[in-house]
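Numbering (our numbering), first residue to last: 1452 to 1609.
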């Protein structure tokens, strides 16, 4: 092999090494940033829905709650659920089949009904998928209900 070919091979090797050395940290940083933005958006949207839902839950306005959860679900690309203070579903962006069911035993709903804000990644037993779950109380210290947003984490990982 000629000296020129050896030098070109060495330069190509160094260029590839430099691209990998800079590309991997950039990709990791970008992934962390996207995950952080998705989490922040879910928290913000849950808070907005909780504020908007407060008078509607007390009034029992299911039609308006349904409109609210469908709009929020489009925004976060996930499922939005509103429960009353007993943990019964009042509106679900996934449809009306769950309305009236108790979700009080779900850990994130139980915590939100106690006034806590919850955000965690966990595997759904029913869907067998990894989800980002965000739950917030409606009306703070003495909640009149809770809002839960669930998002599939596959899209974020992609």
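Glycine included, every Cβ here is placed at the ideal spot set by N, Cα and C.
Exposure label - residue i; buried when at least 16 CB within 10 Å
i            : result
residue 1587 : buried
residue 1454 : exposed
residue 1540 : buried
residue 1574 : exposed
residue 1580 : exposed
residue 1459 : exposed
residue 1523 : buried
Assigned secondary structure, residue i (DSSP; H/G/I helix, E/B strand, else coil)
i            : result
residue 1454 : helix
residue 1597 : strand
residue 1525 : helix
residue 1513 : helix
residue 1472 : helix
residue 1586 : strand
Proximity of residue i and residue j at Cβ, strictly below 7 Å
i            : j            : result
residue 1493 : residue 1585 : yes
residue 1516 : residue 1542 : yes
residue 1529 : residue 1601 : yes
* To do: Take every Cβ of the stretch 1535-1548, pair it with every Cβ of the stretch 1586-1598, and state whether three or more of those distances are shorter than 8 Å.
  => As far as the Cβ criterion goes, the stretch 1535-1548 touches the stretch 1586-1598, which means the pair count is three or higher.
* **Continuous alpha helix (DSSP H) assignments of at least 4 residues falling wholly in the stretch 1543-1583** => The stretch 1543-1583 contains these whole alpha helix (DSSP H) runs: 1558-1564.
* **Secondary structure, alpha helix (DSSP H): runs of 4+ residues fully inside the stretch 1476-1509** => Entirely contained in the stretch 1476-1509, not one alpha helix (DSSP H) run reaches 4 residues.
* **Any 3 or more C-beta pairs closer than 8 Å across the stretch 1561-1571 and the stretch 1508-1522** => Short answer: they don't touch.
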